[in-house]
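Engineer: These protein sequence lines are chains A and B, in that order.
Numbers 0 to 515, taken from numbering that gives the first Met the number 0, label the letters of the first sequence in order.
Numbers 0 to 515, taken from numbering that gives the first Met the number 0, label the letters of the second sequence in order.
There are 2 protein chains.
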Amino acid sequence: MCSVNPGHCTLIKFIFLLLIIIHLSLNTAESVWPLPQIFIPSPERYQLKPQSFSFGYRRYLDTKHSCSVLDAAFKRYFSILFPGYSYANLITFSVATQLLFLNSYKLSVFAGQASLNAETVWGSLRGLETFSQLVYQDDLGSYYINKTEIEDYPQFNYRGILLDTSRHYLPVQAILKTLDAMAYSKFNVFHWHLVDDPSFPYQSHKFPDLSNKGAFHPVTHVYTQSDVRRVISYARMRGIRVLPEFDSPGHTKSWGKGQSELLTPCYRGATPSGTFGPVNPTLPSTYQFMLSLLKEVASVFPDPYIHLGGDEVDFSCWRSNPYIRAFMHKMGFGLDFSKLEAFYIEKIVNITSILRKTSIVWQDVFDYHERRRFLSVVEVWKQGCYLCEVRRVVKAGLRVILASPWYLDQPGPTHNWARYYNVWPLAFKGTEKQKSLVIGGEVCMWGEYVDATNLSPRLWPRASAAAERLWSNERQTSCVERAFPRLQEFRCKLLRRGIQAEPLYVGHCKHEYQTV
Amino acid sequence: MCSVNPGHCTLIKFIFLLLIIIHLSLNTAESVWPLPQIFIPSPERYQLKPQSFSFGYRRYLDTKHSCSVLDAAFKRYFSILFPGYSYANLITFSVATQLLFLNSYKLSVFAGQASLNAETVWGSLRGLETFSQLVYQDDLGSYYINKTEIEDYPQFNYRGILLDTSRHYLPVQAILKTLDAMAYSKFNVFHWHLVDDPSFPYQSHKFPDLSNKGAFHPVTHVYTQSDVRRVISYARMRGIRVLPEFDSPGHTKSWGKGQSELLTPCYRGATPSGTFGPVNPTLPSTYQFMLSLLKEVASVFPDPYIHLGGDEVDFSCWRSNPYIRAFMHKMGFGLDFSKLEAFYIEKIVNITSILRKTSIVWQDVFDYHERRRFLSVVEVWKQGCYLCEVRRVVKAGLRVILASPWYLDQPGPTHNWARYYNVWPLAFKGTEKQKSLVIGGEVCMWGEYVDATNLSPRLWPRASAAAERLWSNERQTSCVERAFPRLQEFRCKLLRRGIQAEPLYVGHCKHEYQTV
Numbered sequence: 000m001c002s003v004n005p006g007h008c009t010l011i012k013f014i015f016l017l018l019i020i021i022h023l024s025l026n027t028a029e030s031v032w033p034l035p036q037i038f039i040p041s042p043e044r045y046q047l048k049p050q051s052f053s054f055g056y057r058r059y060l061d062t063k064h065s066c067s068v069l070d071a072a073f074k075r076y077f078s079i080l081f082p083g084y085s086y087a088n089l090i091t092f093s094v095a096t097q098l099l100f101l102n103s104y105k106l107s108v109f110a111g112q113a114s115l116n117a118e119t120v121w122g123s124l125r126g127l128e129t130f131s132q133l134v135y136q137d138d139l140g141s142y143y144i145n146k147t148e149i150e151d152y153p154q155f156n157y158r159g160i161l162l163d164t165s166r167h168y169l170p171v172q173a174i175l176k177t178l179d180a181m182a183y184s185k186f187n188v189f190h191w192h193l194v195d196d197p198s199f200p201y202q203s204h205k206f207p208d209l210s211n212k213g214a215f216h217p218v219t220h221v222y223t224q225s226d227v228r229r230v231i232s233y234a235r236m237r238g239i240r241v242l243p244e245f246d247s248p249g250h251t252k253s254w255g256k257g258q259s260e261l262l263t264p265c266y267r268g269a270t271p272s273g274t275f276g277p278v279n280p281t282l283p284s285t286y287q288f289m290l291s292l293l294k295e296v297a298s299v300f301p302d303p304y305i306h307l308g309g310d311e312v313d314f315s316c317w318r319s320n321p322y323i324r325a326f327m328h329k330m331g332f333g334l335d336f337s338k339l340e341a342f343y344i345e346k347i348v349n350i351t352s353i354l355r356k357t358s359i360v361w362q363d364v365f366d367y368h369e370r371r372r373f374l375s376v377v378e379v380w381k382q383g384c385y386l387c388e389v390r391r392v393v394k395a396g397l398r399v400i401l402a403s404p405w406y407l408d409q410p411g412p413t414h415n416w417a418r419y420y421n422v423w424p425l426a427f428k429g430t431e432k433q434k435s436l437v438i439g440g441e442v443c444m445w446g447e448y449v450d451a452t453n454l455s456p457r458l459w460p461r462a463s464a465a466a467e468r469l470w471s472n473e474r475q476t477s478c479v480e481r482a483f484p485r486l487q488e489f490r491c492k493l494l495r496r497g498i499q500a501e502p503l504y505v506g507h508c509k510h511e512y513q514t515v
Numbered sequence: 000m001c002s003v004n005p006g007h008c009t010l011i012k013f014i015f016l017l018l019i020i021i022h023l024s025l026n027t028a029e030s031v032w033p034l035p036q037i038f039i040p041s042p043e044r045y046q047l048k049p050q051s052f053s054f055g056y057r058r059y060l061d062t063k064h065s066c067s068v069l070d071a072a073f074k075r076y077f078s079i080l081f082p083g084y085s086y087a088n089l090i091t092f093s094v095a096t097q098l099l100f101l102n103s104y105k106l107s108v109f110a111g112q113a114s115l116n117a118e119t120v121w122g123s124l125r126g127l128e129t130f131s132q133l134v135y136q137d138d139l140g141s142y143y144i145n146k147t148e149i150e151d152y153p154q155f156n157y158r159g160i161l162l163d164t165s166r167h168y169l170p171v172q173a174i175l176k177t178l179d180a181m182a183y184s185k186f187n188v189f190h191w192h193l194v195d196d197p198s199f200p201y202q203s204h205k206f207p208d209l210s211n212k213g214a215f216h217p218v219t220h221v222y223t224q225s226d227v228r229r230v231i232s233y234a235r236m237r238g239i240r241v242l243p244e245f246d247s248p249g250h251t252k253s254w255g256k257g258q259s260e261l262l263t264p265c266y267r268g269a270t271p272s273g274t275f276g277p278v279n280p281t282l283p284s285t286y287q288f289m290l291s292l293l294k295e296v297a298s299v300f301p302d303p304y305i306h307l308g309g310d311e312v313d314f315s316c317w318r319s320n321p322y323i324r325a326f327m328h329k330m331g332f333g334l335d336f337s338k339l340e341a342f343y344i345e346k347i348v349n350i351t352s353i354l355r356k357t358s359i360v361w362q363d364v365f366d367y368h369e370r371r372r373f374l375s376v377v378e379v380w381k382q383g384c385y386l387c388e389v390r391r392v393v394k395a396g397l398r399v400i401l402a403s404p405w406y407l408d409q410p411g412p413t414h415n416w417a418r419y420y421n422v423w424p425l426a427f428k429g430t431e432k433q434k435s436l437v438i439g440g441e442v443c444m445w446g447e448y449v450d451a452t453n454l455s456p457r458l459w460p461r462a463s464a465a466a467e468r469l470w471s472n473e474r475q476t477s478c479v480e481r482a483f484p485r486l487q488e489f490r491c492k493l494l495r496r497g498i499q500a501e502p503l504y505v506g507h508c509k510h511e512y513q514t515v
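#1: Verify whether the separation of the beta carbon atoms of V376(B) and R398(B) is less than 7 Å.
#2: Looking at L34(A): is its Cβ nearer than 7 Å to the Cβ of S477(A)?
#3: I'd like to know if R166(B) contacts chain A, where contact means its C-beta is closer than 7 Å to some C-beta of that chain.
#4: Counting only Cβ-Cβ distances shorter than 9 Å, please list the residues of the stretch 438-458 of chain B near chain A, keeping chain order.
#5: Going straight from the alpha carbon of G440(A) to that of G411(A), what length do you get?
#6: Go ahead and pull the three-state DSSP assignment for N349(B).
#7: With H, G and I counted as helix, E and B as strand and the rest as coil, what does DSSP make of P243(A)?
#8: With burial defined as no fewer than 16 other Cβ atoms inside 10 Å of the residue's Cβ, what is the status of Q527(B): buried or exposed?
#9: Buried or exposed, going by whether 16 or more other CB atoms sit within 10 Å of the CB of P271(A)?
#10: Here's a check: name, in chain order, each residue in its chain whose Cβ is nearer than 7 Å to the Cβ of R418(B), leaving out the five neighbours to either side.
#11: Could you check how far apart the C-beta atoms of L486(B) and P460(B) are, in whole angstroms? I think they sit under 8 Å.
#12: Just how far apart, CA to CA, sit P170(B) and Y304(B)?
#13: Taking Cβ positions, are S41(A) and K146(A) nearer each other than 7 Å?
#14: Taking the beta strand (DSSP E) that L47(B) belongs to, which residues open and close that run?
#15: Does any CB atom of chain A fall closer than 7 Å to the CB of A173(B)?
#16: Consider the Cβ of P484(B): report whether some Cβ of chain A lies at a distance smaller than 7 Å.
#17: Give the range of the beta strand (DSSP E) segment to which L106(B) is assigned.
#18: Work out the CA separation of G126(B) and A72(B) for me, nearest whole Å.
#19: What is the residue span of the alpha helix (DSSP H) that D163(A) lies within?
#20: At what residues does the beta strand (DSSP E) containing F275(A) begin and finish?
#21: Pull up the DSSP beta-bridge partners for Y222(A), would you.
#22: For the stretch 217-236 of chain A against the stretch 276-293 of chain A, do three or more pairs of beta-carbon atoms, one drawn from each stretch, fall closer than 8 Å, so that the two count as touching?
#23: Considering only C-alpha positions, which residue in the set T119(A), V227(A), L193(A) and P49(A) is nearest to I144(A)?
#24: Would you list, in chain order, the members of the stretch 191-204 of chain A that have their beta-carbon closer than 9 Å to a beta-carbon of chain B?
#25: Taking DSSP as the reference, what is the three-state secondary structure of C265(B)?
#26: Looking at the structure shown, is L89(B) part of a helix, part of a strand, or coil, going by DSSP?
#27: Does V377(B) get closer than 7 Å to chain A when you measure Cβ to Cβ?
#28: Alpha carbon to alpha carbon, how far is G213(B) from G255(B)? Give it in angstroms, no decimals.
#29: If contact means a Cβ-Cβ distance below 8 Å, which residues of the stretch 207-221 of chain B contact chain A?
#30: Listed from N- to C-terminal order along the chain, which residues in the stretch 252-274 of chain B have their beta-carbon within a distance smaller than 9 Å of any beta-carbon of chain A?
#31: For the alpha helix (DSSP H) containing Y419(B), name the first residue and the last one.
#32: For E388(B) and I438(B), what's the separation of their Cα atoms in angstroms?
#33: What residues in the stretch 277-311 of chain A bring their beta carbon closer than 7 Å to a beta carbon of chain B?
#34: What does the alpha-carbon distance come out to for the pair M550(B) and S358(B)?
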């Protein structure tokens, strides 16, 4: 297995050589999804022989001879390219790498050879994915690839999918399968909404009671430290960052079961009602706990970012509690509970900074607070004029992740995919500098009505529509009708790779999904 | 394997003995879905030991000693009850049976024994399903069943699910899996919408070109005679009839590829446009072909019914064709093309009668024609005031199958299930005799956006809501809130049995669905 902690990658100029048996003839090229920035196909084609095909390194500026991430990717893509054949040419050598945003690569298929150039291993992974989509079989089963020149890089650096493992528990296998499919669409961030009101499946080593008492089941419905490591490692091997979210002060009901005095006791008149509200922001013990928990999170999750949530805080419980009201009075907050929320969030953001992590928050934190300088990245999720909101955030000099148009947990007919395709994150009035603050977008798969039974068909191929928007040049991908057959073909490729992607419309794939 | 052709079942009074080790204690009873007509649970419980559990026959009025349908059911339900244990007590003995509508049974669990009484094997199968839902495990893994008295029978005799294998091809395995899940919800008719405009996957032995040229692929996307036999046999073993639909004269584009001169050539002005419309009702060859095809269908599918379709016939192509217009003139139909349609349908219904099969048609045939006496069963599918339509049909003395409220191919949030539950097929003004003509209802899963990737989560557990409506007493099942926890529990049972049933709302099952 691959080492989990990302280190520094010393590979500066990465080049592969793909050995291809030349067998020249003419044919239509395969399509690629998401569309590369520069894509010059040609009808000239070369035959690939699985028996004599191999991946290799041509030249690199490091003294080490290979990279574990890419060696594993060679193996993976060989199986994808040639199901049933085995790849012997494996060198295992560990090279620690850093999760960079850089995903650019150049791919050239010419004269019976393919060469892939990339600045980073992550760019190389994107290029391998593109390469794998270029290979096709004729009716007799022979493999071909057309002469092709590609220069490619993503439009946005943050291309995320949120999975919610609190409203329903997702078995680790379902998460890994999603990571596979994400890599095929060139997504690079898995936003793990680990915990929420209904359950706390993250098994903390510092606070084991959080999942012992707060998970749906303390043994079968938890993510152990080993599960989390496995997810992070699996994602990293596919060029995907894992962004953990520990949403507070709202959305924390399940936290209260294993951590007494964390949540605010709600009052009915002068006596506690027995129910609990958001995290209690008035107690020093709250911040000691949060520091301790986030310290653990910061060490378990190597990503430089932590999502702190901060959405949908219900003030009614705080308002009912006389101790909270007394604190408000002492602090001079008047009756404005959003000031209390800001007080809490600022402290949590500061804790996160001390842990050398950058915080991401939901737009609520930005919307309801006057002091915004302490924020870094804001995720816009509310419906309505979301571009107005994007504009407000970038005008405040903060970075933005856009999620509003990509709430895919809502079921919808698949032909609806165009709704997720025709999204223009930069279509607002602003300077180039402001637009550069829009770092990307995210597909959200909330869990009220979603678990492992319907996750895949609800995500794919609709999420792939968002993926092309986030990767490709919007001028080249503005026509839904032109995109449709390419997305259909990509969906068939997903089926071929075992991803339960639902159909876009009437029709068929050469290889249909096989029910178990 | 079981014999495909149904014969006559001489078993009149069927009784089982289930041996249970007594181990008395008190506990809450398990729920059953759909709710039995009379259900008297008790907190008294008995322990079941997989090692010493067996099914057996107590008494029957035939000289034969067992029934293959039930022997296979014993084996199946033993695995469902006790996963991981193997059932040795198998007697193989073939008894041919007739597909009767009778599904009633009595089940009594008392003093460490369970006895199941039924008039037919099909009633016995329903009782076994109920029995299997009564058994539960405690936290230590021991099996229990509570003292229970049940008398049960279905409210409606026709409880169907339509699958559409033309708009997308469904691999046989996906159909079999659906049949499994149907049996768990006590559905008893699989309405197989085999062919339609997009493809003709039925491999006819008389007309092999229909699928050779009309299927999406002549080898990988067809149902061979052996596939069809397998589906029928698999369904029969689970007490499910297979109702084949060969929809005409519309919805037949794919037929034309392998059967020239069957479809009407459309004209642009005085010349054929190159496109084709509905079946050509003016040529004698059409009826020779239809007789020959339906003769094959009648012999391949043992069910006494054939669905003839007859919906959504577009007249524009008929109208464009001068030969059709000349025929209309000759027949004195004027400009009323619905008369031409009626002319065609009457002939096809007559052919079906000659083949000793009863025909079912979509409501269009009833709606647009004055002469209705030649019809038998009408399936109501249009939205709007569907009960008004049901009333019109029964007033004409015809039998009705109601499908309108159960078009589940449309995706919707699962909490929507109540919409399919709160359907009252008999809530129209009419005599008892008229109401008795409503023979049941049907869940339709059209294939525009559905294939094996999303079939299961889109069907289950929403179809189960319809199943309870069609099986149970409507007075006992009119409260959505009371049904909800029982349906949630049933959905967990479906997961446990490997059915990819999507969640109803936030929560968890003891055994979640495992991604492969």
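Note that beta-carbon positions come from the ideal geometry of N, C-alpha and C, so glycine has one too.
Treat the numbers as computed from the prediction; the structure is a model and nothing was measured.
Structural biologist: Quick look at the numbers:
#1: If you number the second sequence from 1, residue 376(B) lands on position 377. If you number the second sequence from 1, residue 398(B) lands on position 399. Closer than 7 Å, so yes.
#2: Indexing the first sequence from 1 puts residue 34(A) at position 35. Indexing the first sequence from 1 puts residue 477(A) at position 478. Going by C-beta atoms, L34(A) is not nearer than 7 Å to S477(A).
#3: By 1-based counting over the second sequence, the position of residue 166(B) is 167. By this cut-off, R166(B) is an interface position.
#4: G446, E447, Y448, V449, D450, A451, T452, N453, L454, S455, P456 and R457
#5: Walking along the first sequence from the start, residue 440(A) turns up at place 441. Walking along the first sequence from the start, residue 411(A) turns up at place 412. The straight-line gap from Cα to Cα measures roughly 20 Å.
#6: In the second sequence, the residue the question calls residue 349(B) occupies position 350. The answer is helix: DSSP assigns N349(B) an H, G or I state.
#7: Residue numbering aside, residue 243(A) sits at position 244 when the first sequence is read from its first letter. P243(A) falls in the strand class under three-state DSSP.
#8: In this structure chain B extends from 0 to 515, so residue 527(B) is not present and cannot be described.
#9: In the first sequence, counting from the first residue as 1, residue 271(A) sits at position 272. With fewer than 16 Cβ atoms within 10 Å of its Cβ, P271(A) is classed as exposed.
#10: As a working note, residue 418(B) is residue 419 in the second sequence. Result list for R418(B): empty, nothing under 7 Å.
#11: As a working mapping, residue 486(B) is identified with position 487 in the second sequence. As a working mapping, residue 460(B) is identified with position 461 in the second sequence. With a Cβ gap of about 6 Å, L486(B) and P460(B) count as contacting.
#12: Taking the second sequence and counting its residues from 1, the one referred to as residue 170(B) is at position 171. Taking the second sequence and counting its residues from 1, the one referred to as residue 304(B) is at position 305. For P170(B) and Y304(B), the distance between alpha carbons rounds to 24 Å.
#13: In the first sequence, counting from the first residue as 1, residue 41(A) sits at position 42. In the first sequence, counting from the first residue as 1, residue 146(A) sits at position 147. Result yes, Cβ atoms of S41(A) and K146(A) sit closer than 7 Å.
#14: Along the second sequence, read from residue 1 onward, the residue named residue 47(B) stands at position 48. Residues I37 to L47.
#15: Taking the second sequence and counting its residues from 1, one reaches residue 173(B) at position 174. Yes, A173(B) counts as interfacial toward chain A.
#16: Counted from its first residue, the second sequence places residue 484(B) at position 485. Cβ-Cβ to chain A under 7 Å: no for P484(B).
#17: For the purposes of this step, residue 106(B) is taken as residue 107 along the second sequence, with counting starting at 1. Looking at the DSSP string, the run of the beta strand (DSSP E) that includes L106(B) is Y104 to F109.
#18: As a first step, residue 72(B) is located in the second sequence; it is residue number 73 there, counting from the start. As a first step, residue 126(B) is located in the second sequence; it is residue number 127 there, counting from the start. One C-alpha to the other measures close to 11 Å.
#19: Residue 163(A) sits at position 164 when you count from the first residue of the first sequence. Premise fails: D163(A) lies in the beta strand (DSSP E), Y157 to D163, not in any alpha helix (DSSP H).
#20: Translated into the one-based positions of the first sequence, residue 275(A) becomes position 276. T270 to V278 is the span of the beta strand (DSSP E), which, as asked, contains F275(A).
#21: As a first step, residue 222(A) must be located in the first sequence, where it is residue number 223. Per DSSP, Y201(A).
#22: no
#23: For this step, residue 144(A) is matched to residue 145 along the first sequence. The shortest Cα separation from I144(A) among T119(A), V227(A), L193(A) and P49(A) belongs to P49(A).
#24: D196, P197 and S198
#25: Mapped onto the second sequence, residue 265(B) falls at position 266. If DSSP states are grouped into helix, strand and coil, C265(B) belongs with the strands.
#26: Locating residue 89(B) in the second sequence gives position 90, counting from the first residue. Annotation note: pLDDT 40 at L89(B) (below 50); position unreliable, coordinate value reported separately. Residue state, collapsed to three classes: coil.
#27: Looking up residue 377(B) in the second sequence gives position 378. Not an interface residue.
#28: Against the second sequence, residue 255(B) aligns to sequence position 256. Against the second sequence, residue 213(B) aligns to sequence position 214. The alpha-carbon atoms of G255(B) and G213(B) are separated by roughly 8 Å.
#29: F215, H216, T219 and H220
#30: none
#31: Position 420 of the second sequence holds residue 419(B). Taken as a continuous stretch (DSSP letters only), the alpha helix (DSSP H) holding Y419(B) covers W416 to Y420.
#32: For the purposes of this step, residue 388(B) is taken as the residue at position 389 of the second sequence. For the purposes of this step, residue 438(B) is taken as the residue at position 439 of the second sequence. In a straight line, the C-alpha of E388(B) is about 15 Å away from that of I438(B).
#33: none
#34: The structure shown does not extend to residue 550(B), since chain B is modelled only from 0 to 515, so the question has no answer here.
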